[in-house]
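Here is the structure we will look at, set down as C-alpha cells.
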Amino acid sequence: MDLGKYIVELLQSHECVVLPGLGGFITRHEGATIHPGQNLCTPPTRTVLFNDQLVNNDGLLAHYIADKEQIDYDVALQSLMFQINELL
C-alpha cells in the first residue's frame with residue numbers, strides 16, 4: 483500500500499486528511515492576485531499544512547484505502563495503523 487499516494491489523491495478533492503493518532507494534512511487555498519503596476523499575475527495556489535492536533539479517525543483515509551485495495555474497512559484500518567506506527 484502506498485500511503486503517500488493515497489494521501490495526495492485525497493488532498494486533491496478534500497481539504498483535510500487525518501492520519502489517526504498522528505495528525506492531519508490540511509489544504510489552504512489562496513486566490514489569484516494581480517499586481518497592476520508590475521503587469522504581474524500570480525495564479526491561485528494551495529498550501530498543505532500539517533496539524534498534529536487532528537488525531538481522531540474520521541474514516542476517510544481508511545475507507546479510501548479499502549476501496550482502492552478492494553479490502554475490508556477493518557483490514558484497511560489495521561494496515562493504516564501499522565504504517566502510522568512505523569512512522570512513530
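Numbering-wise (the working numbering), the sequence shown opens with residue 483 and increments by one. We put the beta carbon where it would ideally sit given N, CA and C, even for glycine.
{"Query": "Sub-7 Å separation of T534 and G505 beta-carbons", "Result": "Sequence check: residue 534 is Asp here, not Thr. Yes; because the gap between Cβ atoms is below 7 Å, this pair is in contact."}
{"Query": "Buried versus exposed call for L531 [16 or more other C-beta atoms within 10 Å across all chains shown]", "Result": "exposed"}
{"Query": "Cβ pair Y546, L493 closer than 7 Å", "Result": "no"}
{"Query": "Burial state of L543, where buried means 16 or more other Cβ atoms lie within 10 Å", "Result": "buried"}
{"Query": "Whole-angstrom C-beta distance between L501 and I566, which should lie under 8 Å", "Result": "6 Å"}
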